[in-house]
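Undergrad: I have a structure I would like to understand better, so I am pasting it below and will then ask my questions one at a time.
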Amino acid sequence: MVAVAGIVLFWLLASGWLTGVLLDLAQPAACRAPYDPSKPLPVVFGARTAIVVLGGGTRVNDEGVLVPRRDVYARLATAASLYARCREAGGVCRVIVSGGNPEHHAATEADTYAPYLLRAGVARTDLVLENTSLTTWQNARNVTRLLAARADEANATLLLVTSAYHMPRALLDFRRFGTNPLPVVSSTRQALTGWWPRLSNLQSAETALHELIGIAQFHVYRMIGWF
Numbered sequence: 011m012v013a014v015a016g017i018v019l020f021w022l023l024a025s026g027w028l029t030g031v032l033l034d035l036a037q038p039a040a041c042r043a044p045y046d047p048s049k050p051l052p053v054v055f056g057a058r059t060a061i062v063v064l065g066g067g068t069r070v071n072d073e074g075v076l077v078p079r080r081d082v083y084a085r086l087a088t089a090a091s092l093y094a095r096c097r098e099a100g101g102v103c104r105v106i107v108s109g110g111n112p113e114h115h116a117a118t119e120a121d122t123y124a125p126y127l128l129r130a131g132v133a134r135t136d137l138v139l140e141n142t143s144l145t146t147w148q149n150a151r152n153v154t155r156l157l158a159a160r161a162d163e164a165n166a167t168l169l170l171v172t173s174a175y176h177m178p179r180a181l182l183d184f185r186r187f188g189t190n191p192l193p194v195v196s197s198t199r200q201a202l203t204g205w206w207p208r209l210s211n212l213q214s215a216e217t218a219l220h221e222l223i224g225i226a227q228f229h230v231y232r233m234i235g236w237f
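With positions in the sequence shown counted from 1, the corresponding number in this note's numbering is that position plus 10.
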């Protein structure tokens, strides 16, 4: 019976039926509308704006080059688009890329992502690399310290760019450090339901579980005083 239950669970995840439920939990309704550059933002850019992009991993491609993982490309494109709109509005704009090297690759996430943002039009003088964070909690802590170190950005508009499944946990961590960023969702994950198992569904299920466990961990750690 244990083996049968395991097979059924695997099929439900791989075929997308259970994965869809997990993604719905990880991606609440407020996080299911990715940024659309053709539509107006629900926020007016301030005199100073900081656009924070959170890391999402790196991988070595078939040519042996270290590149961003799949969902990161949407985060970088969203940040570059926001930066362009911010500059058009006439404000002072900075893009802060936060991501260290938790996977122990040849370079940090922030350093790997930087060339993509530069090619997308972000000025080098407006790009800040925070390349020591290993967790989302550290992303929030280190970015908050960067902002606090510049008195002229104490009242800056803060935009937080990440994927839909990552946004709820990221907001918890940033608010823990006294900031209240405006969320900008770069992309969402969708389950592909059917009879046949798909590797992408298993990957999405793993991602959703990671985020849900991370949220539960945040609340437990807060209760015992670790966060």
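The beta carbon of each residue, even a glycine, is placed where N, CA and C say it ideally should be. Nothing here was measured: the structure is a model prediction, and the numbers come from that model.
1) Among all the DSSP beta bridges, which residues are the ones paired with threonine 172?
2) Along the chain, where does the beta strand (DSSP E) that runs through glutamate 140 open and close?
3) Which ranges would you report for the alpha helix (DSSP H) in the stretch 25-101 if only whole runs of at least 4 residues count?
4) Quick one: grab the DSSP three-state call for valine 107.
5) Alpha carbons only, please: which of Val171, Val195 and Asp136 is nearest the one belonging to glutamine 37?
6) Within its chain, find whatever has a CB closer than 8 Å to the CB of valine 138; leave out the 5 residues flanking it on each side and keep chain order.
7) Can you tell me which residues form a DSSP beta bridge with threonine 167?
8) Quick check on the burial criterion: 16 or more other C-beta atoms within 10 angstroms. Buried or exposed for methionine 177?
9) Tell me which same chain residues have a C-beta within less than 8 Å of the C-beta of leucine 35, skipping the five on either side of it?
10) Are the CB atoms of serine 91 and asparagine 211 nearer to each other than 8 Å?
11) Around the C-beta of glycine 16, are 16 or more other C-beta atoms found within 10 angstroms, so that it is buried, or is it exposed?
12) At a cut-off of 7 Å, would you count glutamate 119 as near the ligand COA, judging by its Cβ distance to the nearest heavy atom?
13) Does DSSP put asparagine 190 in a helix, in a strand, or in coil?
14) Measuring only the C-alpha atoms, how far is threonine 203 from arginine 134?
15) Write down the C-beta distance between alanine 201 and serine 214 rounded to the nearest angstrom, noting that I regard them as a contact closer than 8 Å.
16) Reducing DSSP to helix, strand and coil, say where valine 132 ends up.
TA: The structure says:
1) For this step, residue 172 is matched to residue 162 along the sequence shown. In the DSSP output, where bridge partners are listed per residue, threonine 172 has Val195.
2) Locating residue 140 in the sequence shown gives position 130, where the first residue counts as 1. Unbroken beta strand (DSSP E) run through glutamate 140: 137-140.
3) 27-36 and 80-98
4) As a working mapping, residue 107 is identified with position 97 in the sequence shown. Strand at valine 107.
5) As a first step, residue 37 is located in the sequence shown; it is residue number 27 there, counting from the start. Residue Val195 is the option with its Cα nearest to glutamine 37.
6) Indexing the sequence shown from 1 puts residue 138 at position 128. For valine 138, where only same-chain residues beyond five positions count, the Cβ hits under 8 Å are Arg104, Val105, Ile106, Val107 and Leu156.
7) Counting from one through the sequence shown, the residue named residue 167 turns up at place 157. DSSP output for threonine 167 lists Thr59 as bridge partner(s).
8) For this step, residue 177 is matched to residue 167 along the sequence shown. That one is buried.
9) Here residue 35 corresponds to residue number 25 of the sequence shown, with the count starting at 1. So the qualifying residues of the chain are Ala218 and Leu222.
10) Position 81 of the sequence shown holds residue 91. Position 201 of the sequence shown holds residue 211. No.
11) Stepping through the sequence shown from its first residue, residue 16 is reached at position 6. Classification for glycine 16: exposed.
12) No copy of the ligand COA occurs in the structure displayed, which carries no ligand at all.
13) As a working mapping, residue 190 is identified with position 180 in the sequence shown. In the structure shown, asparagine 190 sits in coil (DSSP, three-state: anything other than H, G, I, E or B).
14) Against the sequence shown, residue 203 aligns to sequence position 193. Against the sequence shown, residue 134 aligns to sequence position 124. Roughly 43 Å between the two C-alpha positions.
15) Residue numbering aside, residue 201 sits at position 191 when the sequence shown is read from its first letter. Residue numbering aside, residue 214 sits at position 204 when the sequence shown is read from its first letter. 6 Å between Cβ atoms; contact.
16) Here residue 132 is taken as the residue at index 122 of the sequence shown, counted from 1. Three-state result, valine 132: coil.
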